[in-house]
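Chemist: The numbering used here applies: residue 22 is where the sequence shown begins, and numbers increase by one. The beta carbon of each residue, even a glycine, is placed where N, CA and C say it ideally should be. One structure is given below, represented as structure tokens, and several questions about it will come after.
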Amino acid sequence: VYMGGDKEFSPFSEKDLKILRNYLSYGGFLLIDDNSSQANSAFDNSVRKMISALFPQNPLRKIQRDHSVFRSFYLLNTVSGRSIIKPYLEGISIKGRTVLIYSANDQGGAWSRNKLGHWNYDVIAGGYRQRQLAIRLGVNIIMYALTLDYKKDMVHLPIILERLRRYNPK
């Protein structure tokens, strides 16, 4: 499920929170995307309140760079989006499975095209390369949501290490 926005939203009802909590606890996945391109936006504040009501004992945490979401298809060592507000993703994990990813960097704005295939929004600062990285991160997020952590299996490790050496020389 994708939830994007740029404005404050009303708190979820207890019934809605229970439905979402059950969905995430039993295999669901939620990507939340702040489309405002502003630090500490009204949407960000609403999201944080909603998440603290959803999982009061499980706060958002920074997702480490060795997480499967950064290698589920493309090997990435950075986050991207239409604008880079935070140089990291945040998430909620339940029993070792990340069920919610929160990006403050407007992923959807970097992906959005009109009916003619033209980009709806310019990316702020990074140009073409930043958009391509945002698309790659989007692919990785989708792959992670569908397959979880299969790239953490040891059978993939030699190939991943070789690719990391090739694309990130010292």
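Where do the ends of the alpha helix (DSSP H) carrying residue 52 lie?
Modeler: Start at 1 with the first residue of the sequence shown, and residue 52 comes out as number 31. Here residue 52 belongs to no alpha helix (DSSP H); instead the beta strand (DSSP E) covers 51 to 55.
Chemist: When you compare the CB positions of residue 102 and residue 124, do they come within less than 9 Å of one another, or not?
Modeler: Walking along the sequence shown from the start, residue 102 turns up at place 81. Walking along the sequence shown from the start, residue 124 turns up at place 103. Cβ distance < 9 Å, so residue 102 and residue 124 count as in contact.
Chemist: Mind checking residue 138: buried by the 16 CB within 10 Å criterion, or exposed?
Modeler: Here residue 138 refers to the residue found at position 117 of the sequence shown. Counting Cβ neighbours within 10 Å, residue 138 comes out exposed, since fewer than 16 surround it.
Chemist: Please list the segments of the alpha helix (DSSP H) lying wholly inside the region 94 to 142, counting only runs of 4 or more residues, in order along the chain.
Modeler: 128 to 132
Chemist: Quick check on the burial criterion: 16 or more other C-beta atoms within 10 angstroms. Buried or exposed for residue 93?
Modeler: On the sequence shown, position 72 is the one that residue 93 refers to. When all chains shown are included, residue 93 counts as buried.
Chemist: With H, G and I counted as helix, E and B as strand and the rest as coil, what does DSSP make of residue 23?
Modeler: For the purposes of this step, residue 23 is taken as the residue at position 2 of the sequence shown. In this structure, residue 23 counts as strand in the three-state DSSP scheme.
Chemist: Give me whichever residues DSSP pairs with residue 83 in a beta bridge.
Modeler: Here residue 83 corresponds to residue number 62 of the sequence shown, with the count starting at 1. Note: residue 83 sits in a beta bridge opposite 111.
Chemist: Excluding the five sequence neighbours on either side, which residues of its own chain have a C-beta within less than 6 Å of the C-beta of residue 105, listed in chain order?
Modeler: What you label residue 105 is simply residue 84 of the sequence shown in a count that begins at 1. If we look at residue 105 and ignore the five residues flanking it on each side, its Cβ neighbours are 126.
Chemist: Along the chain, where does the alpha helix (DSSP H) that runs through residue 29 open and close?
Modeler: Here residue 29 refers to the residue found at position 8 when the sequence shown is read from its first residue. No alpha helix (DSSP H) holds residue 29; DSSP gives it neither H nor E.
Chemist: Once you ignore the five residues that flank residue 38 on each side, which residues in its own chain have a CB closer than 7 Å to its CB?
Modeler: The residue you call residue 38 lines up with position 17 of the sequence shown. Closer than 7 Å at Cβ, skipping near neighbours: 74 and 75.
Chemist: With residue 162 and residue 113 assumed to form a contact (beta carbons below 8 Å), what rounded beta-carbon distance in angstroms separates them?
Modeler: As a working mapping, residue 162 is identified with position 141 in the sequence shown. As a working mapping, residue 113 is identified with position 92 in the sequence shown. Contact flag wrong, Cβ pair sits at about 14 Å.
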